[in-house]
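Worksheet: one structure, shown below.
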Amino acid sequence: MNKYILPVSVFGTVIGTAVLLKNHMTGGRCTSKATITGKTVVITGANTGIGKETARELAKRGGRIIMGCRDMEKCETAAKEIRGKTLNRHVYACKLDLASMKSIREFAEKIKREEQRVDVLINNAGVMRCPAGKTEDGFDMQFGVNHLGHFLLTNLLLDKLKESAPSRVINLASLAHIVGKMDFEDLHSEKKKFDTKQAYCQSKLANVLFTRELAKRLQGTGVTVNAVHPGVVATELGRHTNLHQSQFSTTVLSPFFTLLVKSPELGAQPSVYLAVSEEMEGVTGGYYDVMTEKEPAPEALDEDVARRLWEVSSRLVGLEEEGQLKPPTEVQSRAAQPVLAQTQGQSVGTVGL
Ligand SMILES: NC(=O)c1ccc[n+]([C@@H]2O[C@H](COP(=O)([O-])OP(=O)(O)OC[C@H]3O[C@@H](n4cnc5c(N)ncnc54)[C@H](OP(=O)(O)O)[C@@H]3O)[C@@H](O)[C@H]2O)c1
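If you count by UniProt numbering, then the sequence shown holds residues 1 to 353, one letter each, in order.
Next up, the structure:
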């Protein structure tokens with residue numbers, strides 16, 4: 001008997017089983033059947049990956065979908081495809097470059113001017129482990145796009161979100177936040193040697209800290225905010241990493257990697273769950289690993305770090321000068337409470353928003 005038959009069949013069985021169990025192991029689907037007709041959803045970075053699939057699923061559920069993307073050609077193509085697949089006409093492509101405060105402000109102005117409501121804001125766009133580079137305003141690219149851009153956008157849309165309450169903000173963070181460190185002395189890696197991994201992890205830690213501080217500041221407004229790690233998803237996120245660059249990786253490793261991680265469609269399920277599910281009504285300040293609430297890393301629970309990040313971010317994006325940010329009213333400190341998200345006891349509509 002050929003001596004290779006056994007190892008080859010064992011290898012094949014392992015791969016086959018992994019693939020079959022993949023969906024189960026990676027968190028499954030949002031089981032809520034909630035529809036969102038009459039609700040408006042803004043999603044950043046929606047032309048590909050998790051954002052595009054989130055847009056498609058929420059369009060299928062009847063929402064009015066605003067896709068905010070930096071590349072209008074890609075955005076129009078994705079919007080057209082989603083309109084065609086879901087037969088929902090209300091899917092719109094809109095210019096938004098999170099590496100430019102001017103673009104963010106223009107996008108927010110357009111939304112405020114043209115949209116009657118914003119029921120869900122999904123801060124999804126992200127860039128991972130890109131080479132050293134700066135945004136238009138001189139911020140480190142990963143910190144600028146992943147955190148500061150969404151910080152500014154969210155703040156500019158807060159009045160609209162409050163008017164539309166109960167409404168929800170969802171921040172795409174990452175498990176990578178656990179190795180992140182907020183370096184307030186050098187947020188843009190100008191003094192230390194640039195480490196692209198650390199810059200990504202810092203930006204994702206910032207997403208969780210922002211979520212928790214914003215939840216505190218929004219208590220009693222009917223606007224909830226949660227952060228989510230979507231799992232490991234086969235998207236274009238790794239475009240700057242070795243996996244996408246070396247010949248060996250693309251031809252040999254990449255196919256296995258693709259087999260073992262989630263599809264973008266499954267990767268969108270946690271965002272959809274946080275956006276529409278009835279269970280998430282009034283739940284705020286949480287960190288979700290796929291669809292299960294988890295305790296984030298200790299630094300993400302540090303209230304002083306969260307407040308400091310808020311203050312520094314406000315200064316950097318120029319909100320402080322405009323007086324747009326009022327200090328939080330008497331809010332309950334979440335630090336002294338269990339990490340599990342608390343409910344705000346908001347009254348809710350029929351669609352789980
Ligand atoms: N995939 C994963 O395994 C994973 C794991 C943990 C967390 N996440 C998070 O999930 C989110 C979505 O990632 P993904 O996996 O779907 O990645 P992706 O396929 O690379 O999609 C990222 C999206 O962000 C957009 N984007 C990047 N820079 C932008 C900018 N300056 N302005 C506006 N849009 C910009 C991209 O636009 P272009 O197409 O024009 O570049 C793209 O639409 C990210 O926040 C990521 O950190 C993903």
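Ideal Cβ placement from N, Cα and C applies to all residues, glycine included. Given the structure is predicted, the values throughout are model-derived calculations rather than measurements.
*Just reading off the beta strand (DSSP E) that Ala227 is part of, what are its end residues?*
Within the sequence shown, the letter at position 227 stands for residue 227. From DSSP, the beta strand (DSSP E) with Ala227 extends over 223–229.
*Is Pro7 near ligand 1, going by C-beta to nearest heavy atom under 7 Å?*
Residue 7 sits at position 7 when you count from the first residue of the sequence shown. Not under cutoff, so the answer is no.
*Residues near Arg70 in its chain [Cβ-Cβ closer than 6 Å; skip 5 each side]*: Taking the first residue of the sequence shown as position 1, residue 70 is located at position 70. Closer than 6 Å at the Cβ level, and outside the excluded window around Arg70, lie Asp97.
_Span of the beta strand (DSSP E), counted from its first residue to its last, around Thr241_ = In the sequence shown, the residue the question calls residue 241 occupies position 241. Following the DSSP letters along the chain, one finds Thr241 in no beta strand (DSSP E), marked with neither H nor E.
_Cutting at 7 Å between CB atoms, please list the residues of its own chain near Ala108, excluding the five before and the five after it._
Residue 108 sits at position 108 when you count from the first residue of the sequence shown. Residues of the same chain with a CB within less than 7 Å of the CB of Ala108, apart from the 5 flanking positions on each side, are Leu153, Leu156, Leu157 in chain order.
*Taking all protein chains shown into account, decide if Thr140 is buried (16 or more other Cβ within 10 angstroms of its Cβ) or exposed.*
Here residue 140 is taken as the residue at index 140 of the sequence shown, counted from 1. Before going further, note that residue 140 is Asp rather than Thr in the sequence given. Asp140 counts as buried, since no fewer than 16 other beta carbons sit within 10 angstroms of its beta carbon.
*Name the one or two DSSP bridge partners that Leu121 has.*
Within the sequence shown, numbered from 1, the residue matching residue 121 stands at position 121. Leu121 is bridged to Val42, Val169.
_Simplified DSSP assignment, three categories, for Ile65_ = The residue you call residue 65 lines up with position 65 of the sequence shown. Residue state, collapsed to three classes: strand.
*So what does DSSP say about Glu114, is it helix, strand or coil?*
What you label residue 114 is simply residue 114 of the sequence shown in a count that begins at 1. Annotated three-state conformation of Glu114 is helix, per DSSP.
_Thr44 Cβ short of 7 Å to ligand 1 heavy atom set_ = Reading the sequence shown from its first residue, position 44 is the one you call residue 44. Because some heavy atom of ligand 1 lies under 7 Å away, the Cβ of Thr44 counts as near it: yes.
*Meets three-Cβ-pair contact criterion under 8 Å: the stretch 41–50 and the stretch 267–279*: A contact exists between the stretch 41–50 and the stretch 267–279.
*Kindly indicate which residue of Val42, Leu161, Thr37, Thr77 has the alpha-carbon position closest to the one of Lys60.*
Position 60 of the sequence shown, counted from the start, is the residue given in the question as residue 60. Comparing alpha carbon positions, the residue from Val42, Leu161, Thr37, Thr77 closest to Lys60 is Thr37.
_With a threshold of 7 Å (Cβ to nearest heavy atom), would Pro166 be considered close to ligand 1?_
Locating residue 166 in the sequence shown gives position 166, counting from the first residue. For Pro166, the CB stays at least 7 Å from every heavy atom of ligand 1.
*Taking C-alpha atoms, which residue in Leu214, Ile111, His90 lies nearest to Phe151?*
In the sequence shown, the residue the question calls residue 151 occupies position 151. Residue Leu214 is the option with its Cα nearest to Phe151.
*asked:* Per the DSSP calculation, Cys94 is bridged to which residue(s)?
replied: What you label residue 94 is simply residue 94 of the sequence shown in a count that begins at 1. For Cys94, which the question treats as bridged, DSSP gives the partners Gly68.
*Flag this pair as yes or no: are the beta carbons of Ile122 and His90 separated by less than 8 Å?*
Here the question's residue 122 lines up with position 122 in the sequence shown. Here the question's residue 90 lines up with position 90 in the sequence shown. Cβ atoms of Ile122 and His90: not closer than 8 Å.
*6 Å CB neighbourhood of Arg29 in its chain, flanking five on each side removed*: Numbered from 1 along the sequence shown, position 29 holds the residue referred to as residue 29. Counting only residues of its own chain and dropping the five nearest sequence neighbours on each side, Arg29 has a CB closer than 6 Å to the CB of Gln269.
*asked:* Please report the straight-line C-alpha distance between Gly144 and Thr54, rounded to a whole angstrom.
replied: Here residue 144 refers to the residue found at position 144 of the sequence shown. Here residue 54 refers to the residue found at position 54 of the sequence shown. Across the structure, Gly144 and Thr54 are spaced so that their CA atoms are roughly 23 Å apart.
*Pick helix, strand or coil for Asp304, following the three-state DSSP scheme.*
The residue given as residue 304 occupies position 304 in the sequence shown. If DSSP states are grouped into helix, strand and coil, Asp304 belongs with the helices.
_Cross-strand partners of Lys262 (DSSP beta bridge)_ = Reading the sequence shown from its first residue, position 262 is the one you call residue 262. Val233, per the DSSP bridge assignment.
*For Val283, does the three-state DSSP call read helix, strand or coil?*
Working through the sequence shown from its first residue, we reach residue 283 at position 283. The three-state reading of DSSP puts Val283 in strand, counting E and B together.
*Do the CB positions of Asn207 and Ala227 come within less than 8 Å of each other?*
Along the sequence shown, read from residue 1 onward, the residue named residue 207 stands at position 207. Along the sequence shown, read from residue 1 onward, the residue named residue 227 stands at position 227. At the C-beta level, Asn207 and Ala227 come within 8 Å of one another.
*Which two residues bound the contiguous alpha helix (DSSP H) that contains Thr196?*
Taking the sequence shown and counting its residues from 1, one reaches residue 196 at position 196. Counting along the chain, the alpha helix (DSSP H) containing Thr196 begins and ends at 196–217.
_Using the Cβ count rule (16 or more neighbours within 10 Å means buried), how would you classify Ile104?_
The sequence position of residue 104 within the sequence shown is 104, counting from 1. With 16 or more other Cβ atoms within 10 Å, it is buried.
*Say the cut is 7 Å; is the CB of Arg70 nearer than that to a heavy atom of ligand 1?*
As a working note, residue 70 is residue 70 in the sequence shown. At least one heavy atom of ligand 1 sits closer than 7 Å to the Cβ of Arg70.
*Determine the direct distance from the alpha carbon of Val127 to that of Phe221, and round the result to whole angstroms.*
Position 221 of the sequence shown holds residue 221. Position 127 of the sequence shown holds residue 127. Checking the sequence shown, residue 221 turns out to be Thr, not Phe. Thr221 and Val127 have their C-alpha atoms spaced approximately 31 Å apart.
*Tyr273 bridges to which residues according to DSSP?*
In the sequence shown, residue 273 corresponds to position 273, counting from 1. None; Tyr273 has no bridge partner.
*Go through its chain and collect everything with a Cβ distance to Arg308's Cβ below 7 Å, but skip five positions before and after it.*
What you label residue 308 is simply residue 308 of the sequence shown in a count that begins at 1. Only residues of its own chain outside the window of five on either side were considered, and among them Phe184 have a CB closer than 7 Å to the CB of Arg308, listed in chain order.
*Run the proximity test for Asp97: is its beta-carbon closer than 7 Å to any non-hydrogen atom belonging to ligand 1?*
Walking along the sequence shown from the start, residue 97 turns up at place 97. Yes; taking the cut-off as 7 Å, the Cβ of Asp97 has a heavy atom of ligand 1 nearer than that.
*Determine the extent of the beta strand (DSSP E) in which Glu57 is found, giving its start and end residues.*
Numbered from its first residue, the sequence shown carries residue 57 at position 57. Where Glu57 is concerned, there is no enclosing beta strand (DSSP E), although the alpha helix (DSSP H) around it starts and stops at 49–60.
*asked:* For the alpha helix (DSSP H) containing Lys162, name the first residue and the last one.
replied: Position 162 of the sequence shown, counted from the start, is the residue given in the question as residue 162. Note, Lys162: alpha helix (DSSP H), 150–163.
*Report back the beta-carbon spacing between Val317 and Leu148 to the nearest angstrom; my notes put them in contact at under 8 Å.*
Here residue 317 is taken as the residue at index 317 of the sequence shown, counted from 1. Here residue 148 is taken as the residue at index 148 of the sequence shown, counted from 1. Right, the Cβ-Cβ distance comes to about 6 Å (below 8 Å), so this counts as a contact.
*The beta strand (DSSP E) spanning Thr292 covers which residue range?*
Translated into the one-based positions of the sequence shown, residue 292 becomes position 292. Its beta strand (DSSP E) spans residues 292–294.
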